[in-house]
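Participant: One structure, pasted below without further comment.
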Amino acid sequence: MEGKTKEKLLYVLERLKKTDEQHPVNTNELIAYLAEKGVTAERKSVARDVAALREAGYSIILCDELKRGYYMTDQLFEDYELKIIADAVSGAKFITYDDSVSIIDKLCEMASPTGEEIIKEHTFVDEKIKSKNKKVRFNIDRVITAIKTGKRITFQYFEFAPDGKMQLKRDGHTYEISPYYLCWDDDSYFLIGNSKSHDHLIHFHVEMMTNVEITRTPIRPRNEIEELRGSFSIGEYLRRSVNMYGGESVKLTLDCSEKIAKDVHREFGEDIRSIPIGENRFRTEVYAAEGEGLIRWLMQFSAEDLKVLGPDNIKEEIKERAKALVKLYE
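To convert, count from 1 in the sequence shown and add 240; that's this note's numbering.
Given below as structure tokens:
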């Protein structure tokens, strides 16, 4: 009906958001779109709506060929930005297939007609790599709410049994955690917080959490947590603790070939200092969390590409594992 003035204005704006220079919309098309929404309109009233939106600050351009109509130039996201987000969603293994498709469909609604076509035709969601855990989105939502409201959360945590099946860790133990950060790193979402029984940070895979509940208990003050006192870098924590499975921080001295320079900088940061020590080689000192993750990372490279010069305990651990491998395959 003509009286639906506010609704009509919003529908006109909704339709204009799906335009660009190559895909304008004219007055007749706007009238037809409004009719689909159950709103009748005249040409003059549609023109007044467009003028009102312009006065409100929207960049709406009238085509040189008047019959082609109008298009908008101030969409919230550029098409290439939406494509990047869509690709990230499609490749994220912790998101279920159905959730991935739903999110990408919503991104398409914000794209131009050309962008929508590109996203739909060139964004592939591989169901085989996707998580089957439909509770992940609820876990993420509850962690965000707990961080926002400053409340502790409780949950149980899964682990893989020797037979490859999931089982509750520590016989179904309920963790009580003060949440401080929710971070996406290395294709996983991590909750970073503090357990009430310790004074340092601890992290959990969000997709491995279950029965997540928000309590009424406030989180521990940040100044009571060892790592959060003074300056704290979430990026540094992720590199040292999450990627390396946790443990005490140690200084590594590495002799590397230029072939793995990109891997070393990606793992320990772009600002590490590299000292040339010969043709196509460099030496560097980096800090990492000592533990299983660190040993596995170091041992993925050939002896020609990476040699650990220190500390001695890391060298000895690698040496013993190498001996065990030789013995296994003799």
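Ideal placement from N, C-alpha and C gives every residue a C-beta, glycine not left out.
1. How big is the Cα-Cα spacing for residue 315 and residue 518?
2. Within this structure, are the beta carbons of residue 263 and residue 354 separated by less than 8 Å?
3. Using the Cα positions of residue 432 and residue 566, report the straight-line distance between them to the nearest angstrom.
4. State the start and end residues of the unbroken alpha helix (DSSP H) segment that holds residue 248.
5. Go through its chain and collect everything with a Cβ distance to residue 453's Cβ below 6 Å, but skip five positions before and after it.
6. Are the CB atoms of residue 541 and residue 528 nearer to each other than 8 Å?
7. Quick check on residue 353: does DSSP put it in helix, strand or coil?
8. Any contact between the segment 340 to 351 and the segment 308 to 323? By contact I mean 3 or more CB pairs, one from each, below 8 Å.
9. DSSP three-state call for residue 240: helix, strand or coil?
10. Identify the residues that DSSP records as bridge partners of residue 525: which are they?
11. What does a CB cutoff of less than 8 Å around residue 311 pick up in its chain, not counting 5 residues either side in sequence?
12. How far does the beta strand (DSSP E) with residue 316 in it extend, from its first residue to its last?
13. Please classify residue 369 as buried or exposed, where buried requires at least 16 neighbouring CB atoms within 10 angstroms.
14. With a 10 Å radius around its C-beta and 16 neighbouring C-beta atoms as the bar for buried, classify residue 443 as buried or exposed.
15. Exposed or buried, which one is residue 451 when buried takes at least 16 other CB atoms within 10 Å?
16. Could you tell me the alpha carbon to alpha carbon distance between residue 242 and residue 278, rounded to whole angstroms?
17. For residue 406, does the count of other Cβ atoms within 10 angstroms reach 16, so buried, or fall short, so exposed?
18. Relative to the C-alpha of residue 387, which candidate in 400, 460, 553 and 341 has its C-alpha closest?
19. State the DSSP-derived secondary structure class of residue 421, mapped to helix, strand or coil.
20. Between the alpha carbons of residue 411 and residue 520, how many angstroms are there, rounded?
21. What are the partner residues of residue 289, as DSSP defines its beta bridges?
22. Suppose only complete runs of 4+ residues qualify. What are the alpha helix (DSSP H) ranges in the segment 514 to 562, listed by chain order?
23. Please report the straight-line C-alpha distance between residue 499 and residue 545, rounded to a whole angstrom.
24. Does DSSP put residue 435 in a helix, in a strand, or in coil?
Facilitator: Short version:
1. For the purposes of this step, residue 315 is taken as the residue at position 75 of the sequence shown. For the purposes of this step, residue 518 is taken as the residue at position 278 of the sequence shown. Going by the C-alpha atoms only, they are around 53 Å apart.
2. The residue you call residue 263 lines up with position 23 of the sequence shown. The residue you call residue 354 lines up with position 114 of the sequence shown. It is a contact, given that the beta carbons lie within the stated cut-off.
3. Counting from 1 along the sequence shown, the entry for residue 432 is found at position 192. Counting from 1 along the sequence shown, the entry for residue 566 is found at position 326. For residue 432 and residue 566, the distance between alpha carbons rounds to 39 Å.
4. Here residue 248 is taken as the residue at index 8 of the sequence shown, counted from 1. It spans 245 to 256 - the alpha helix (DSSP H) in which residue 248 sits, taken as one unbroken run.
5. Taking the first residue of the sequence shown as position 1, residue 453 is located at position 213. 394.
6. Indexing the sequence shown from 1 puts residue 541 at position 301. Indexing the sequence shown from 1 puts residue 528 at position 288. The criterion of a C-beta distance shorter than 8 Å is not satisfied by residue 541 and residue 528.
7. Counted from its first residue, the sequence shown places residue 353 at position 113. DSSP, read as helix, strand or coil, puts residue 353 in helix.
8. With the cut-off at 8 Å, the segment 340 to 351 and the segment 308 to 323 touch.
9. Nothing about residue 240 can be read from this structure; the chain reaches only from 241 to 570.
10. Within the sequence shown, the letter at position 285 stands for residue 525. Note: residue 525 sits in a beta bridge opposite 493.
11. Within the sequence shown, numbered from 1, the residue matching residue 311 stands at position 71. Taken in chain order, the residues that qualify are 256, 259, 260, 261, 263, 264, 265, 300, 301 and 303.
12. Position 76 of the sequence shown, counting from 1, holds the residue named residue 316. Neither: residue 316 is in no beta strand (DSSP E) and is coded neither H nor E.
13. Here residue 369 refers to the residue found at position 129 of the sequence shown. Residue 369 counts as exposed, since fewer than 16 other beta carbons sit within 10 angstroms of its beta carbon.
14. Taking the sequence shown and counting its residues from 1, the one referred to as residue 443 is at position 203. Buried is the call here.
15. In the sequence shown, the residue the question calls residue 451 occupies position 211. Under this definition residue 451 is an exposed residue.
16. By one-based count along the sequence shown, residue 242 stands at place 2. By one-based count along the sequence shown, residue 278 stands at place 38. With a pLDDT of 45 at residue 242, under the threshold of 50, the predicted position of this residue should be treated as unreliable, though the coordinate-derived value follows. Looking at the two C-alpha atoms, the distance is approximately 10 Å.
17. Along the sequence shown, one-based indexing puts residue 406 at 166. Exposed, because fewer than 16 other Cβ atoms sit within 10 Å of the Cβ of residue 406.
18. As a first step, residue 387 is located in the sequence shown; it is residue number 147 there, counting from the start. The shortest Cα separation from residue 387 among 400, 460, 553 and 341 belongs to 460.
19. Your numbering for residue 421 matches position 181 in the sequence shown. For residue 421, the three-state secondary structure derived from DSSP is strand.
20. Counting from 1 along the sequence shown, the entry for residue 411 is found at position 171. Counting from 1 along the sequence shown, the entry for residue 520 is found at position 280. Residue 411 and residue 520 have their alpha carbons spaced roughly 51 Å apart.
21. Start at 1 with the first residue of the sequence shown, and residue 289 comes out as number 49. Paired residue(s): none; residue 289 is not in a bridge.
22. Correct list: 532 to 539.
23. Position 259 of the sequence shown, counting from 1, holds the residue named residue 499. Position 305 of the sequence shown, counting from 1, holds the residue named residue 545. Residue 499 and residue 545 have their alpha carbons spaced roughly 7 Å apart.
24. Translated into the one-based positions of the sequence shown, residue 435 becomes position 195. Strand.
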